[in-house]
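Per this note's numbering, the sequence shown runs over residues 6 to 395. Below is one structure, written out as structure tokens; the observations come after it.
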Amino acid sequence: MITREAILEALKSIDEPTLHVSLIELNLIRDIVVKEEGKVSLTAVLHPTSIEQAAKLELEVRAEIVKLGAELAKFRVRVMTEHEQSEAGARTGAAEAAGQASAEEKTTPGAQGAAGAGEKGAAPVKGHGAGLEETSALLAEGSKTQFIAIASGKGGVGKSTVTVNLAVALARSGKRVGLMDCDIYGFSVPDMMGIEERPQQVGNKILPVERFGVKVISMGFFVEDNSPVVWRGPMLGRMLRNFFQEIDWGELDFVLLDLPPGTGDVALDVHQILPHSKEIIVTTPHATAAFVAARAGSMALKTNHEILGVVENMAYYECGSCGKRDYVFGRGGGGMLAETLHTDLLAQFPLGAPDNHPSEPDFSPSVYKAESAIGQAYLELAARVIEHTR
């Protein structure tokens, strides 16, 4: 059976990201538990400015545990207390450097840009995204990758369902597609696509998980047991940067970004990192949902993002027996929103669950089969998106 001492020895080579000293030397690996079946759980105590690198750190720890012939069942992260920061800084001689990093987080240009982006007529500001062109092939000069952010004014309108199925439809249309689950707090894409595996690390890069021909990355891959993510705005922005810097995406034609609802920190960071991204706004037919979605559209316009169009989800329910349509949430919201934003109504999708069964090898709870009526409708939407982005 693997021992605690063997784990500590294996993890000696892994440094605390901010302090650049071994986690073991600083006694920052805590609560090690080894069960008989070789499952290991532990806690990493990190400097506040290292939290956004927790996902990469987990992959490094997991790789070392696997080398021991065991499995990392639970990886918990805790932020250092002020006393622990002082103690660690004294032991490493890095207290001043850590303090400077913390001060930079508070005065990051992205935070100032976020404030400016909310002002009427403010020009888009490259805040958190500054310098990414040099570290991400997707953002390099000459890259042909098209970025499309999928936004909504409020939750519950099916934005993630639209994102997932549009990504799959683009892949079915022969395009190379990536999907970033940017809803850091409310990540759902891995579950919706039926993804059970985790990304693998090769060298200094993380390989996204591929499902239905779509390369996927999500915060959901890096937390245990559906745990909540309790982060402040700057940490969210840095996690998004990592989605570009640390992931080996390869060559892609499209990257879809599933934004959180509304116009908060993550949406602002995406606007700043990708000043030339295009957007699709998702709403339901209900007038209130369309009214709220107009705010997301207004934000896109203020930051010079092109709105490709509006998707009206849950537009109606069609009876399978008689074909009669019931407009459960009213009518006209999508058209009204498109008119307000001076754009097109790209698609209207009905209420209806995918006809999938857990026994199927490619089962997923939310992806429609290509031959289904709704699957065909998503292929039509993909064709329109391809045409609009030529």
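Here a beta-carbon is modelled for each residue, glycine too, at the ideal position from N, C-alpha and C.
Own chain, CB closer than 7 Å to residue i, minus 5 neighbours either side, in chain order
i      : result
Ala78  : Lys44, Val45 and Ser46
Arg96  : Leu31
Arg9   : Ile37 and Val39
Glu251 : Lys61, Lys210 and Ile211
Gly337 : Pro290
Val84  : Leu51, Pro53 and Ile56
Tyr332 : Pro290 and Tyr321
Val26  : Asp20 and Thr97
Ser364 : none
Arg389 : Leu351
His362 : Phe368
Whether residue i touches residue j by CB criterion (8 Å)
i      : j      : result
Ala59  : Phe334 : no
Ile7   : Ala75  : yes
Val315 : Thr289 : no
Leu346 : Phe249 : no
Val287 : Val182 : no
Met198 : Ser55  : no
Ala299 : Ser157 : no
Asp263 : Leu245 : no
Asp186 : Gly225 : yes
His52  : Leu16  : no
His310 : Glu284 : yes
Leu342 : Ala295 : yes
Ile155 : Leu306 : no
Asn247 : Glu89  : no
Per-residue burial, residue i [other beta carbons within 10 Å of its own, 16 or more giving buried]
i      : result
Asn170 : buried
Tyr373 : buried
Val207 : exposed
Glu256 : exposed
Arg395 : exposed
Phe192 : buried
His281 : exposed
Thr86  : exposed
Ala301 : buried
Gly339 : buried
Val71  : exposed
His276 : buried
Ala93  : buried
Ala378 : exposed
Ser91  : exposed
Glu41  : exposed
Ser326 : exposed
Glu21  : buried
Ser141 : buried
Ser369 : buried
Glu63  : buried
Neighbourhood of residue i by C-beta, 8 Å cutoff - its chain only, sequence neighbours within 5 removed
i      : result
Asp36  : Ser46, Leu47, Thr48 and Arg81
Leu13  : Ile29, Ile34 and Ile37
Pro213 : Gly183, Pro204, Lys220, Val221, Ile222, Ile252, Asp253 and Trp254
Ala11  : Leu73
Glu202 : Val214
Sequence-distant residues of its chain with Cβ nearer than 6 Å to residue i (five each side left out)
i      : result
Arg330 : Tyr321 and Glu323
Ala174 : Tyr383, Leu384 and Ala387
Asp196 : none
Glu65  : Ile19
Leu313 : Lys283, Ile285 and His393
Ala172 : Val182, Leu184, Val219 and Leu261
Ala375 : Arg177
Pro200 : According to the sequence shown, residue 200 is Ile rather than Pro. Counting only Cβ-Cβ distances below 6 Å, and skipping sequence neighbours, we find Val214 and Arg216.
Arg67  : Leu77
Pro366 : none
Gly328 : none
Lys180 : Asp258 and Phe259
For residue j and residue i, believed in contact at Cβ under 8 Å, the rounded distance
i      : j      : result
Gln381 : Phe259 : So it is not a contact: roughly 20 Å between Cβ atoms.
Asn318 : Gly163 : 4 Å
Asp360 : Pro265 : Rounded, the Cβ-Cβ distance is 29 Å, inconsistent with contact.
Ile165 : Val194 : Looking at the sequence itself, residue 165 is Ser, so the reference to Ile does not match. Sure, about 6 Å apart at Cβ, within 8 Å.
Cβ of residue i within 8 Å of any chain C Cβ
i      : result
Asp186 : Looking at the structure shown, chain C is missing, and only one protein chain is on hand.
### Query
Okay, do the stretch 211-222 and the stretch 344-362 touch, 3+ Cβ pairs below 8 Å being the bar?
Because the criterion of three Cβ pairs below 8 Å is not met, the stretch 211-222 and the stretch 344-362 do not touch.
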